[in-house]
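Q: Add 15 to a position in the sequence shown, counting from 1, and you land on the number used in my numbering.
The structure's right below; bear with me while I get my questions together.
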Amino acid sequence: MGKYLIGLLAAGSMLAMVSLSATEVDGLQVIVNPANPVKSLPREEVSAFLLKKRTRWDNGEPVMPIDLIRESPIRESFCKLIHRRSVKNIETYWNRKIFTGDDVPPPRAQSEREVIEYVAGHPGAIGYVSASAPLSGVKPIEVEIE
Numbered sequence: 016m017g018k019y020l021i022g023l024l025a026a027g028s029m030l031a032m033v034s035l036s037a038t039e040v041d042g043l044q045v046i047v048n049p050a051n052p053v054k055s056l057p058r059e060e061v062s063a064f065l066l067k068k069r070t071r072w073d074n075g076e077p078v079m080p081i082d083l084i085r086e087s088p089i090r091e092s093f094c095k096l097i098h099r100r101s102v103k104n105i106e107t108y109w110n111r112k113i114f115t116g117d118d119v120p121p122p123r124a125q126s127e128r129e130v131i132e133y134v135a136g137h138p139g140a141i142g143y144v145s146a147s148a149p150l151s152g153v154k155p156i157e158v159e160i161e
């Protein structure tokens, strides 16, 4: 019994170390402007861009994140997968930033179409939409999930 349990734990540990990299992860796509040379980003970096902890791309271009409204189920999925926090936790993060005068949240789109239009119109933009959203004028990037 003990050897069996240890074997299961070892197998589970190896699975936890597997890294996923795809343009569509858990029904989501992270998108950037086609002028952006980026093809993939680690999950942590995507989170840093959306939380405005990182404000410039490697080429020096300012990052222009866009978020979806709080009520969006797509945003809930994104927050859990990328930020590893709930929408409520992210809202608390932004309320603190606003209260202390440190920063303001990214603009919030009412729809995926608005996200796509914003990203298409701003060279440094980054956003996210559902995997089923029709993409036009934007580029999906791979997200490396550990």
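All C-beta atoms, glycine included, are put in the ideal place defined by N, C-alpha and C.
The structure presented is a predicted model; accordingly, all values stated were derived computationally and were not measured.
With a threshold of 8 Å, establish whether the CB of A146 neighbours any heavy atom of the ligand ADP.
A: You won't find the ligand ADP in this model; it holds no ligand whatsoever.
Q: Enumerate in chain order the residues of its own chain whose CB-to-CB distance from G142 is below 6 Å, with the five nearest sequence positions on each side excluded.
A: Your numbering for residue 142 matches position 127 in the sequence shown. These residues qualify, in order along the chain: I46, I81, V130 and V134.
Q: Using 9 Å as the threshold, is the C-beta distance between E157 and S55 below it?
A: The residue you call residue 157 lines up with position 142 of the sequence shown. The residue you call residue 55 lines up with position 40 of the sequence shown. Yes, they are a contact pair.
Q: Taking Cβ positions, are G201 and N51 nearer each other than 9 Å?
A: Limits of the chain in this structure are 16 at one end and 161 at the other, which puts residue 201 out of reach.
Q: Quick one: Cα of S36 to Cα of R58, how far?
A: In the sequence shown, counting from the first residue as 1, residue 36 sits at position 21. In the sequence shown, counting from the first residue as 1, residue 58 sits at position 43. The predicted position of S36 is uncertain, since its pLDDT is 49 and thus under 50; no value can be drawn from it.
Q: Grouping DSSP H, G and I as helix and E and B as strand, with all else coil, what is L150?
A: Position 135 of the sequence shown, counted from the start, is the residue given in the question as residue 150. Coil at L150, not helix or strand.
Q: Could you work out which residue in E132, N104 and P149 is closest to A124 when comparing CA atoms only?
A: Sequence index remark: in the sequence shown, residue 124 carries index 109 (1-based). That would be E132, whose Cα lies nearest to the Cα of A124.
Q: Helix, strand or coil for S87? Go by DSSP, reduced to three states.
A: Working through the sequence shown from its first residue, we reach residue 87 at position 72. Note: S87 maps to coil in three-state DSSP.
Q: When the distance is taken between beta carbons, is W72 closer than 9 Å to V53?
A: Taking the first residue of the sequence shown as position 1, residue 53 is located at position 38. Taking the first residue of the sequence shown as position 1, residue 72 is located at position 57. For V53 and W72, yes; Cβs fall inside 9 Å.
Q: Exposed or buried, P149, counting other C-beta atoms within 10 Å across all chains shown (16 or more means buried)?
A: Working through the sequence shown from its first residue, we reach residue 149 at position 134. By the neighbour-count rule (16 or more Cβ atoms within 10 Å), P149 is not buried but exposed.
Q: If you scan the stretch 39-115 from start to end, which runs of the beta strand (DSSP E) of 3 or more residues do you find wholly inside it?
A: 43-47 and 55-57
Q: By alpha-carbon positions, which one of A63, L66 and E91 ends up nearest to V144?
A: Position 129 of the sequence shown, counted from the start, is the residue given in the question as residue 144. Among A63, L66 and E91, the Cα nearest to that of V144 is on E91.
Q: How many angstroms separate the CA atom of C94 from the CA atom of A146?
A: Taking the sequence shown and counting its residues from 1, one reaches residue 94 at position 79. Taking the sequence shown and counting its residues from 1, one reaches residue 146 at position 131. Distance between the alpha carbons of C94 and A146 is about 15 Å.
Q: Return the bridge partner residues of A135 from the DSSP annotation.
A: Taking the first residue of the sequence shown as position 1, residue 135 is located at position 120. Looking at the DSSP output, A135 shares a beta bridge with no other residue.
Q: What residue does the beta strand (DSSP E) around S145 start on, and which one ends it?
A: Taking the first residue of the sequence shown as 1, we reach residue 145 at position 130. In the DSSP assignment, S145 falls within the unbroken beta strand (DSSP E) covering A140 to S145.
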